Amino acid sequence: MTKISVVRSVLKANDAVAEVNRKRLEAAGILVLNITSAPGSGKTALLERTIPALAPGLRSAVVVGDLQTTRDAERLGGLAVEVAQINTEGGCHLQATQVADALDTLALKDLDLLFIENVGNMVCPASYDLGEHLRVVLLSVPEGPDKVAKYPTIFQPADVILINKMDLAGLLEFSDEIVRADLARINTRAPLFKVSARTGEGLEAWYDWLRVQHRARFGS
Ligand code: MG
Ligand code: ZN
Numbered sequence: 042m043t044k045i046s047v048v049r050s051v052l053k054a055n056d057a058v059a060e061v062n063r064k065r066l067e068a069a070g071i072l073v074l075n076i077t078s079a080p081g082s083g084k085t086a087l088l089e090r091t092i093p094a095l096a097p098g099l100r101s102a103v104v105v106g107d108l109q110t111t112r113d114a115e116r117l118g119g120l121a122v123e124v125a126q127i128n129t130e131g132g133c134h135l136q137a138t139q140v141a142d143a144l145d146t147l148a149l150k151d152l153d154l155l156f157i158e159n160v161g162n163m164v165c166p167a168s169y170d171l172g173e174h175l176r177v178v179l180l181s182v183p184e185g186p187d188k189v190a191k192y193p194t195i196f197q198p199a200d201v202i203l204i205n206k207m208d209l210a211g212l213l214e215f216s217d218e219i220v221r222a223d224l225a226r227i228n229t230r231a232p233l234f235k236v237s238a239r240t241g242e243g244l245e246a247w248y249d250w251l252r253v254q255h256r257a258r259f260g261s
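Rendered as structure tokens:
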């Protein structure tokens, strides 16, 4: 019982900071997306395509969380308006306080979109609100189609779901039927886009969705 109440109060403190982050970003007219997936699903690769495709109409920054290294931040450094790397020093998810610290390093007035690339992990990032408006969940073809059923807590609150690495679907005999059937049970709200961050296939629909979401909240 004690352990459970400790976890609850940690989450409550996190949620309060997340709310402050959200208000701060909203006041600056910035749409915030929290991107979660397993390691290696292609979060960074997706952003490498997305950020230049949306510019100059929408100017993006990235907050990227990794256990160690600044490699993802370096990959994104030339593309985004600004990149802030958070090293979690072994922590397996980002927390709202870490994002708050990262926001202090960004020039918010020059931004329209903030992508938060969470630590690759299909479990606990689901419990930590970071101050985002929308949750993006990535699933990649090599992981197989059974992940929605196995990790429902990450897919349930998703506002959009992308199946990445569709260029490998033929080779790996991947079918999205199982994904769709499992989603029908837990999340019928989120649109599903089949994409390849490597070839660019399917990404226009994702870009359009992002433009619509930004316009819906902040106008043109
Ligand atoms: Mg990455
Ligand atoms: Zn964690």
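Numbered per this note's numbering, the sequence shown spans residues 42 to 261. From the three backbone atoms N, C-alpha and C, an ideal C-beta is built for every residue, glycine too. Just so you know, these numbers come straight off a predicted model, no measurement behind them.
In the DSSP secondary-structure assignment, V73 is bridged to L155. Rounded to whole angstroms, the separation of the alpha carbons of A121 and L66 is 17 Å. The C-beta distance from V58 to A141 rounds to 6 Å, short enough to meet the 8 Å contact threshold. With a beta-carbon spacing of about 6 Å, V178 and I195 fall inside the 8 Å limit used to define contacts.
In this structure, R176 places its C-beta atom within 8 Å of the C-beta atom of A199.
If you draw a 10 Å sphere on the C-beta of S237, you find 16 or more other C-beta atoms in it, and that means buried. Within the segment 73 to 118, the runs of beta strand (DSSP E) at least 3 residues long that lie entirely inside it are, in chain order, 101 to 107. For S237, the three-state secondary structure derived from DSSP is coil.
Relative to the ligand MG, the beta carbon of K53 is positioned no closer than 7 Å to any heavy atom. For V220, the enclosing alpha helix (DSSP H) stretches over residues 218 to 227.
Residue range 137 to 144 is occupied by the alpha helix (DSSP H) that includes A141. Counting every other CB atom within 10 Å of its CB across the protein chains shown gives L213 a total below 16, marking it as exposed. Taking 8 Å as the cut-off, the beta carbon of T240 is found closer than this to the beta carbon of D208.
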